[in-house]
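Residue numbers (the working numbering), protein chains in the order written: chain A, 474 to 738; chain B, 38 to 475.
These notes concern the structure reproduced below.
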C-alpha cells in the first residue's frame with residue numbers, strides 16, 4: 474500500500490440550493506438558463522474533508538500524508554467556476570470533462586461512474602470522496618457504482634472519516650436508523666459524504682486568487698473511454714399538483730362529525 | 038437505511054433540514070430569485086450580475102457576499118443600539134484575508150486593485166452593514182498605503198503583517214479641531230529628542246474613528262513650525278505608532294449615526310514616539326499622505342453606494358408588499374418613481390466610481406473622477422436613504438425597519454473625508470479653470 478493519499482473529489486455544478494426550480498417549457502426537465510448555480514453542497518463537504526485530511530496530517534493528527542487532491546467535474550462551459558471554488562478551498566488541480574449542458578442533470582450515474590473509474594486508473598487515485606448525491610438529479614448512485622466497478626470497499630453517507638494508520642486503514646462513521654455505525658476498510662476505497670461530516674470553510678481571498686493559477690485541464694469522456702449513452706428516457710417533467718386548501722371546523726364536535734362524514738371514524 | 042431515506046430528498050427539504058442556518062449563511066436571507074432580467078437587481082440581495090464588472094471584481098463580490106451574509110440586519114441593529122464595535126465581523130474578514138486585498142503578497146496580501154477593493158466595500162455596506170461595517174475595516178484596507186509606498190522593508194514587515202492578519206487595528210489621525218479641512222495648518226507638533234531616538238508629540242486630533250479599538254495610529258504632525266518653512270506643505274511628518282491610551286487621552290464624540298464604530302478626539306502631551314516609527318523622510322509627511330487620498334474617496338463612494346442600494350432594496354421590497362387602500366403602495370407612481378429615479382442616480386454614480394477606480398489602478402493621479410464619484414455617490418445614497426424612510430412611512434421611523442439607521446449613517450460619506458463644498462472647489466479650479474475661491 475502506498476503511504477500517501479491521492480484523492481479524487483468529483484464535484485458538480487448544480488442549480489443553487491436556495492432557488493425554487495421551475496420546469497422548462499418543453500417539460501423535459503428543470504429550467505437552467507439564467508438561474509444561479511453553485512457547487513453541489515454535498516461536494517463542498519467532500520472537498521472540505523479532503524483538505525482536512527491534509528491539514529490533519531500536517532498537524533500530526535492523521536498518519537497519512539495527502540500527496541494530491543484532484544477535483545473533477547463534468548459539465549458545460551461554466552463548469553470551471555465550481556472547479557475554481559474547489560481549488561480555492563484547497564484542491565491542487567482540476568479536470569473539466571467537457572459535456573454539453575442539459576436540463577436533465579447530465580450523464581447518467583453509470584456513465585459518470587465509468588468515467589471516474591477511468592480517472593482513478595489513469596491518475597493512480599487511492600481514495601475517492603464524493604458527495605452522496607447531487608441535488609439536481611438526486612440520484613445518489615454514483616459513489617456506489619464506482620466502488621462496484623473498481624471492486625473497492627465503500628462507505629456511504631459518512632459523518633466522520635478517520636485514517637487509522639500508515640497502512641491505510643480507514644474508519645468511517647455513518648448514521649443509521651438505530652444510531653451510529655462504524656465501518657473499517659483498507660485503502661483504496663470510495664467514501665460518500667453526508668451533511669454532518671464537517672462544516673465547509675469559506676475560501677480565503679488569497680486562496681481564491683491562487684486558485685486562478687492552479688492547473689485546470691479540459692478533457693472529454695472519450696479520454697477515459699466512455700460515451701454519454703442514455704439508458705433512461707425522460708418522457709415528461711411536470712410540477713406536482715397544487716394543494717387545495719383544507720376546511721376549518723368550529724370546535725371538537727365539528728371535527729368529530731367531519732371525520733365521521735369522511736368515514737375516518 | 039434511514040440515512041438513505043433522508044438522503045433521497047428534494048432540494049427544498051435539504052434547505053429545510055436542521056442545517057438550514059448553515060445554508061442560509063452560505064446564501065443569505067434572500068430566497069434565490071431567478072436572474073431572468075439583468076436588472077432585477079434592486080430587490081435582490083447582493084446580486085452579482087452587473088454587466089460592467091471584471092472577472093476578478095465578480096469573484097470578490099461573490100466571495101465577500103458569503104461572509105457578509107452571516108451578519109444579519111438584526112446584528113447591525115444591535116451593534117448600533119449597544120454601541121458595540123463589530124469585532125467578530127472584523128475578525129471574520131481578517132481570517133479570510135480580506136484586510137490584505139490591496140496589500141503586497143509578501144505580507145499576506147492579495148495585491149488586487151482599488152477596483153476590487155471598491156467592490157468589496159460596496160458589498161459590505163450593501164449587505165446591510167452600512168457605514169458601521171465599512172468603517173470597522175475601512176482604514177485597514179487602504180490607510181497604510183503610505184507605508185506600502187514609503188516604508189522601509191523592516192517597517193512593512195513589522196506593521197503590515199499584523200494589520201493584514203487582523204492582530205492589530207489602525208486608525209488615522211490627520212484632522213485637528215482648529216483647522217478642519219485646512220490640513221496644512223496642523224498645530225500638533227513633534228520635536229526630536231536630543232539623543233535622536235524619540236520624537237516628542239504634543240497636540241490634539243479630532244474625528245479619529247476606531248481609536249477606542251485600535252492599537253496603532255497613522256498620525257500627521259508638524260516637525261518644522263509653519264513660519265520656518267518655505268511652503269506650508271513642507272514641515273509635516275508622518276508616524277505609524279502604538280496608540281497607548283495611558284499616554285494619549287481618547288475621548289469619544291457622541292454622534293448622529295454609526296454608534297458601533299467610535300469616533301474620538303485625541304489629546305497628547307509629551308507623547309514619546311520612536312524615531313523608527315516615522316514613515317518616509319522627516320518633513321515629507323504631507324506629500325506621503327496625499328498618496329492614497331483618491332483611493333480613499335473611491336472607497337468611501339463605494340461604501341455610500343452600498344448603503345444606497347441597501348436602502349433602495351428595502352424600499353422596493355416594502356413598496357411591493359405593503360398594501361394600503363387595497364393595493365400595494367408601490368403601485369402608486371408617487372412611491373414608485375422616486376425609487377426608480379434613485380436607482381438611476383445610484384447606477385450613474387456607480388459607473389463613475391468604478392471608472393475612477395479603474396483609472397486609479399492604471400496609474401492616473403488626477404482627482405476629478407474620484408472626487409466627483411464620491412460626491413455623486415454620497416448624494417445619490419442620501420436621497421435613496423431618505424426616500425426609503427419615506428416609502429416606509431411611519432415604519433421607516435422605527436428602528437426595526439433599519440432604514441432610519443441608514444439615513445443617519447449616510448451623512449458620513451456626504452461629509453467625510455472631504456465635504457461637498459471642497460469637491461466643488463476642486464472641480465471649479467482644476468476642471469473649469471476658475472480662480473480659487475477660498
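Note that CB positions come from ideal geometry on N, CA and C, so glycine has one too.
Tell me which same chain residues have a C-beta within less than 8 angstroms of the C-beta of residue i, skipping the five on either side of it?
i, result
"residue 719 of chain A", "none"
"residue 138 of chain B", "97, 146, 147, 149, 153, 154, 157, 178"
"residue 80 of chain B", "70, 350, 353, 354, 357"
"residue 260 of chain B", "226, 227, 228, 229, 236, 272, 273, 274, 319, 320, 322"
"residue 398 of chain B", "150, 151, 152"
"residue 623 of chain A", "590, 593, 661, 663"
Please classify residue i: is it buried, with 16 or more other beta-carbons within 10 angstroms of its beta-carbon, or exposed?
i, result
"residue 711 of chain A", "exposed"
"residue 369 of chain B", "exposed"
"residue 169 of chain B", "buried"
"residue 68 of chain B", "Any reading at residue 68 of chain B must be qualified, since the residue scores a pLDDT of 37, below 50, and its modelled position is unreliable; the value itself is stated next. So residue 68 of chain B counts as exposed."
"residue 120 of chain B", "exposed"
"residue 277 of chain B", "buried"
"residue 393 of chain B", "buried"
"residue 417 of chain B", "buried"
"residue 469 of chain B", "exposed"
"residue 671 of chain A", "buried"
"residue 572 of chain A", "buried"
"residue 685 of chain A", "exposed"
Would you list the one or two residues that DSSP bridges to residue i?
i, result
"residue 510 of chain A", "A/488"
"residue 237 of chain B", "B/228, B/309"
"residue 152 of chain B", "DSSP output for residue 152 of chain B lists no bridge partner at all."
"residue 692 of chain A", "A/570"
"residue 253 of chain B", "B/207, B/279"
"residue 556 of chain A", "For residue 556 of chain A, which the question treats as bridged, DSSP gives no partner whatsoever."
"residue 594 of chain A", "Paired residues: none, contrary to the question."
"residue 665 of chain A", "A/603"
"residue 259 of chain B", "B/226, B/273"
"residue 303 of chain B", "B/242, B/287"
"residue 542 of chain A", "A/480"
"residue 364 of chain B", "B/361"
"residue 321 of chain B", "B/273"
Report all residues from its chain with a CB closer than 6 angstroms to the CB of residue i; omit the five preceding and five following residues, and keep chain order.
i, result
"residue 248 of chain B", "208, 287, 301"
"residue 604 of chain A", "513, 515, 516, 519, 666"
"residue 257 of chain B", "211, 273, 275, 322, 326"
"residue 688 of chain A", "566"
"residue 222 of chain B", "216"
"residue 284 of chain B", "308"
Just to confirm before moving on: does the CB-CB distance between residue i and residue j stay below 9 angstroms?
i, j, result
"residue 337 of chain B", "residue 453 of chain B", "yes"
"residue 654 of chain A", "residue 643 of chain A", "no"
"residue 89 of chain B", "residue 388 of chain B", "yes"
"residue 601 of chain A", "residue 616 of chain A", "yes"
"residue 619 of chain A", "residue 658 of chain A", "no"
"residue 553 of chain A", "residue 567 of chain A", "yes"
"residue 390 of chain B", "residue 339 of chain B", "yes"
"residue 242 of chain B", "residue 303 of chain B", "yes"
"residue 172 of chain B", "residue 347 of chain B", "no"
"residue 681 of chain A", "residue 100 of chain B", "yes"
"residue 431 of chain B", "residue 440 of chain B", "no"
"residue 464 of chain B", "residue 407 of chain B", "no"
"residue 253 of chain B", "residue 309 of chain B", "no"
"residue 289 of chain B", "residue 299 of chain B", "yes"
"residue 411 of chain B", "residue 361 of chain B", "no"
"residue 584 of chain A", "residue 481 of chain A", "no"
Less than 7 angstroms between C-beta atoms, sequence neighbours within five positions excluded: which residues of the same chain meet that for residue i?
i, result
"residue 293 of chain B", "445, 448"
"residue 606 of chain A", "515, 612, 613"
"residue 731 of chain A", "722"
"residue 228 of chain B", "236, 237"
"residue 421 of chain B", "345, 348, 349, 379, 383"
"residue 160 of chain B", "83, 98, 101, 102, 105, 343"
"residue 582 of chain A", "612, 614, 615, 618"
"residue 198 of chain B", "144, 145"
"residue 765 of chain A", "The structure shown has nothing for residue 765 of chain A, since chain A only spans 474 to 738."
"residue 396 of chain B", "406"
"residue 201 of chain B", "136, 137, 140, 144, 145, 146"
"residue 341 of chain B", "414, 415, 418, 447, 450"
So residue i contacts chain D; which residues on that side make the cut at Cβ distance below 7 angstroms?
i, result
"residue 103 of chain B", "The structure shown contains no chain D; the protein chains it does contain are A and B."
Self-check item: Sequence ranges, beta strand (DSSP E) only - wholly within the region 632–662 of chain A, length at least 3
Solution: 642–649, 652–659
Quiz item: What beta strand (DSSP E) runs, 3 residues minimum, are completely inside the region 80–108 of chain B?
Solution: none
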